[in-house]
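In what follows, a structure is listed as structure tokens, so that the remarks can point back to it.
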């Protein structure tokens, strides 16, 4: 249950009213809007001392599905982020949500180094988002630089290793 908070005279108070329960569907939000919001605010998905670098969005996988978001954590591990708007969206699926996650993760299991991640996922993402501009670098060069900087700054020891 959520409650609004009020700050009065440096004292935090709970007013006598509760926050009205609502869903993303009730608000008219689509899954794509939630995806864009989370892509821009990955810090909401992790603890304060953790970091994520977004490396892919709507990535086609071997089962002809699309993974919503793919990130790399501060340890160099790939993080699959699959978004469902609400419980109704999960329940209306043809297959259990967990099976979808397993299939998508199996696709990512073959990515075990920076070069493969850059070429298959991150560089195409950079091209799609038009994030190429740093000193005239290609998408591959920019992706390699961004990823290596992220991994080095976090002293990564994970699956994706700096070559």
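Numbering (the numbering used here), first residue to last: 2 to 164.
Quick reminder that beta carbons are idealized off the backbone N, C-alpha and C, glycines included.
Quick one: grab the DSSP three-state call for residue i.
| i | result |
| --- | --- |
| residue 7 | strand |
| residue 70 | strand |
| residue 82 | strand |
| residue 120 | helix |
| residue 104 | helix |
| residue 12 | strand |
| residue 56 | strand |
| residue 146 | helix |
| residue 47 | coil |
| residue 38 | helix |
| residue 162 | Unreliable placement is indicated for residue 162, whose pLDDT of 48 sits below 50; no coordinate value is reported for it. |
| residue 137 | helix |
Excluding the 5 residues flanking residue i on each side, which residues of the same chain have their C-beta closer than 6 Å to its C-beta?
| i | result |
| --- | --- |
| residue 59 | 67 |
| residue 108 | 62 and 63 |
| residue 7 | 14 and 16 |
| residue 57 | 71, 122 and 126 |
| residue 50 | none |
Determine the direct distance from the alpha carbon of residue j to that of residue i, and round the result to whole angstroms.
| i | j | result |
| --- | --- | --- |
| residue 97 | residue 91 | 8 Å |
| residue 23 | residue 94 | 22 Å |
| residue 1 | residue 86 | Past the boundaries of the shown model lies residue 1; the chain is included only from 2 to 164, so the question cannot be answered. |
| residue 162 | residue 89 | Below a pLDDT of 50, predicted positions are generally treated as unreliable, and residue 162, at 48, falls in that range; no measurement from the model is reported. |
| residue 40 | residue 55 | 7 Å |
| residue 25 | residue 149 | 36 Å |
| residue 99 | residue 80 | 15 Å |
| residue 137 | residue 28 | 42 Å |
| residue 152 | residue 11 | 41 Å |
In its own chain, which residues sit with a C-beta less than 7 Å from the C-beta of residue i, not counting the 5 before and 5 after it?
| i | result |
| --- | --- |
| residue 164 | Confidence at residue 164 is low in this model, with a pLDDT of 40, below 50, so the placement of that residue is unreliable and no value is reported for it. |
| residue 124 | 140, 141 and 144 |
Measure the Cβ-Cβ separation of residue i and residue j and say whether it is below 8 Å.
| i | j | result |
| --- | --- | --- |
| residue 43 | residue 72 | yes |
| residue 154 | residue 76 | no |
| residue 74 | residue 52 | yes |
Which same chain residues, not among the five before or five after residue i, have their C-beta less than 8 Å away from its C-beta?
| i | result |
| --- | --- |
| residue 120 | 141 |
| residue 101 | 66, 83 and 94 |
| residue 47 | 53 and 74 |
Which one or two residues does DSSP pair with residue i in a beta bridge?
| i | result |
| --- | --- |
| residue 61 | 67 |
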